[in-house]
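See below for the structure under consideration.
2 protein chains.
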Amino acid sequence: MPLSHSLEKNGREPAYIRICNSLKDRIAEGVYVSGDRLPSESELCRLHKVSPMTIRRSIRILLDQGIVTTVQGSGTFVRAPHLNQVTFSLKEFFDIFKDEKRTQVKLMDVCITKADDMVSARLQIEPGQRVILLQRLILRDGDPVIYHREFLVYDPARPVIEADLEITTLYGLFEGRGQAFLKRGEMTVEAMVLDPELAGHLNTQPLLPAFRLEHLFYDFDDHPVSWGRFICRGDVLRFKATVGFGISGQKENHP
Amino acid sequence: MPLSHSLEKNGREPAYIRICNSLKDRIAEGVYVSGDRLPSESELCRLHKVSPMTIRRSIRILLDQGIVTTVQGSGTFVRAPHLNQVTFSLKEFFDIFKDEKRTQVKLMDVCITKADDMVSARLQIEPGQRVILLQRLILRDGDPVIYHREFLVYDPARPVIEADLEITTLYGLFEGRGQAFLKRGEMTVEAMVLDPELAGHLNTQPLLPAFRLEHLFYDFDDHPVSWGRFICRGDVLRFKATVGFGISGQKENHP
DNA sequence: TAGTGGTCTAGACCACTTA
DNA sequence: AAGTGGTCTAGACCACTAG
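Laid out in C-alpha cells, this is it:
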C-alpha cells in the first residue's frame, strides 16, 4: 500500500500541493479522523514554513473536495465521507460518441411536424406550431446502441437548421464546438423497459432494460430550442462513481 | 430576465464574489463568447481597483467551475459549455432515506451464509467463507420502493455487526455518522427490469423498469467490507443534471 | 522582449467562537 | 480576551507565450 504523496515528484511540486497532499495522507491514514480539528492555519504556517496565503490555498482545496469543513472562529474539521454528494458523470455516455472508429451516427429521418402538447410544453411554444423532428441512430461496430429523438423549434430566421442536420452535430455538441447559440441545458436520467418499437430501432429484444436520457437545451435568450430523448441500451451503459478519501493525489492544474 | 448579480445584496459581498459574478454575467450575456480572452489580471486589477490576489481568486472560481481555461503566458479564455462534464448526484436517491416522516427502513432478514463466487470475488475473500447477508426494504408511505441486499465480511473481532444491524444504519451511513471504519466506496448505476421475485419484494409488477445501484465499501486498510445492491423502482427515482452557464450566483461559502 | 498567468510572501483588519 | 478562519493588500520572482 504505497503512499503516493510523500516522496512524489521532484522538488518542483508547488508548496500548496505538497501541503494539501500531506494533509490528505494523514486523513487517509486515519491520523485525523472524522470530526477531528486540523492544526490551525498559523500552526501549519510554522510547521511548513510558508505564508498564511499558501496554507489557505491548501485548505481551500480540501474544502472544495468536501474533505474538510471550516468554521470561522473555531477551526478546520475533517468531514465524514458523504455519500450524499456522490456524483456520476455522463462521461461513460459521451464516450460512446467520441470513439470515432467504432461509432457512427446515422440520421434516420428529418421532418417538420406540429408540436403536440408535450413538445409544446417543453419548448414553450403554442401547440400545433411547427417543429423539426430529428431521429438518429448511434451505431457501435455497426450495431445500434442508442436511439435519439429530438425536437427543434422551427425558426426560419435562425440558421440552426442546416448545421444541426449534420451527422456530426452530436459529436460537435458534446465537444462544445460550434454551439455558440446554446447557453445551458438540463438532463434527466431514468430507467425504462424497451417497447417493441424501440427494440426494433435498436435491433434487440423488447422488455430489455434501457436508460432514457432526456435533454432540454436553451439559447442565450433562455428560450428552449431543443428537447429530446436518448434511449440507450442498458447493456452498453453503466455509470460509475467513487466516494471517500482515495489516494489520488492533487493535480497541478485543471486540464 | 433579471440579472441577479449586478445590484445584488448590500455592500458586504466580498470583492472576489462580486468580480466573479460580474465576469459570469458578461459571459452569460454573450459579451464574452466561447474562445474569447478575458481582460488580463492586471487589467482587471485596475478596473476593479483590487489587488492581484483578489482577481486571481475570482478567476480561480471560474476555472474550478469549468467556465474558463487559463494558459500561462497567454491569457484566460472562455470555454464552450462542455457536456462531457455533466454530472448527476445521488441526492435524489438519498433524499428518499432522509425523509423520516415518510420513509421507513425494514430489516427483512439477517443470516450468515457462505460466499459464492461472485460475493467472494467482490469482497476479496475465499469462496465458502462465511459472510453476513442483510436484506432490507425501504418503505415510503408504507409502500416498498427500494430493496437492499448487502453482504458483509464476517469478522467476530470487529464490532461492526451489531452496529450494522441497526435499522438506522442506512440513514447513518448516508449521513456520514458512525462510519469511521469506512474509508471509501465505489458505486455503479445500471438499468434493469424487475423479475418476479424482486417485483414481489417491491409489491409491484414484474417487467417494470428499475435502477440497480451496486456498492462496494472499503475499510481503512483498503479491504472490502460491504458489497450489495439497491434495487430501486424506476417510477420513484429520476436523476437530474444541468450544464452550461446558468444565472445562479456564486455563494459566499460552501455549506 | 513585453506581457501573461503561476506561485508565494509577510503582513493587515475583520467576524466569529470559545473560554 | 485569545484564538480561529475570512478577506485583502502590494508587492515579488518565476515559467511560459507571443510578436
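Residue numbers (our numbering), protein chains in the order written: chain S, 17 to 271; chain V, 17 to 271. We put the CB at the ideal spot given by N, CA and C, even for glycine. Computed from a predicted structure; not experimentally measured.
Per DSSP, H217 (chain V) is not a residue of any beta strand (DSSP E); the alpha helix (DSSP H) it occupies stretches across 212–217. Close partners of R42 (chain V) in chain S (Cβ separation under 9 Å) are lacking, with about 12 Å as the shortest Cβ gap. Cβ-Cβ separation between V147 (chain V) and Y170 (chain V): approximately 6 Å, consistent with a contact (criterion under 8 Å). For R95 (chain V), the three-state secondary structure derived from DSSP is coil. H231 (chain V) carries a strand assignment under DSSP once its states are collapsed to helix, strand and coil. Within the segment 201–221 of chain S, those residues whose Cβ lies closer than 7 Å to any Cβ of chain V are, in chain order, G201, E202, M203, T204, V205, E206, A207, M208, V209. Taking a Cβ-Cβ cut-off of 8 Å, the neighbours of F227 (chain V) in chain S comprise A207, given in sequence order. Cβ proximity to chain V below 7 Å picks out F236, D238, G250, R254, F255, K256 from the segment 234–256 of chain S. Taking the CA atoms as reference points, Q88 (chain S) sits about 49 Å from R249 (chain S).
One finds nothing in chain S with a Cβ atom closer than 8 Å to the Cβ of G144 (chain V); even the nearest lies about 27 Å away.
Under DSSP, the beta-bridge partners assigned to S242 (chain V) are V:L168, V:F233. Taken atom to atom, the span from the alpha-carbon of L139 (chain V) to that of F93 (chain V) is near 47 Å.
In this structure the segment 119–131 of chain S lies against the segment 149–169 of chain S, because at least three pairs of beta carbons, one per stretch, are closer than 8 Å. Here DSSP, grouped into helix, strand and coil, assigns R73 (chain S) to helix. Taking a Cβ-Cβ threshold of 7 Å, the residues of chain S close to Q101 (chain V) are S105, in chain order.
Within chain V, no residue has its CB atom less than 7 Å from the CB of L139 (chain S), the nearest being about 17 Å off. E59 (chain S) and P68 (chain S) have their C-alpha atoms spaced approximately 10 Å apart. Note that the C-beta distance between T258 (chain S) and R200 (chain V) is below 8 Å. The DSSP-derived three-state label of L63 (chain S) is helix. In the DSSP assignment, K130 (chain V) falls within the unbroken beta strand (DSSP E) covering 119–130. In the DSSP assignment, R138 (chain S) falls outside any beta strand (DSSP E) and within the unbroken alpha helix (DSSP H) covering 133–139. Around L149 (chain S), the same chain offers C127, T129, F167 as residues with beta carbons nearer than 7 Å, after the five sequence neighbours per side are excluded.
For I112 (chain S), the enclosing alpha helix (DSSP H) covers residues 107–114. A31 (chain V) sits in a helix when the DSSP states are folded into three classes. Look at the beta carbons and you see the segment 237–254 of chain S touching the segment 209–222 of chain S: at least three pairs across the two are nearer than 8 Å.
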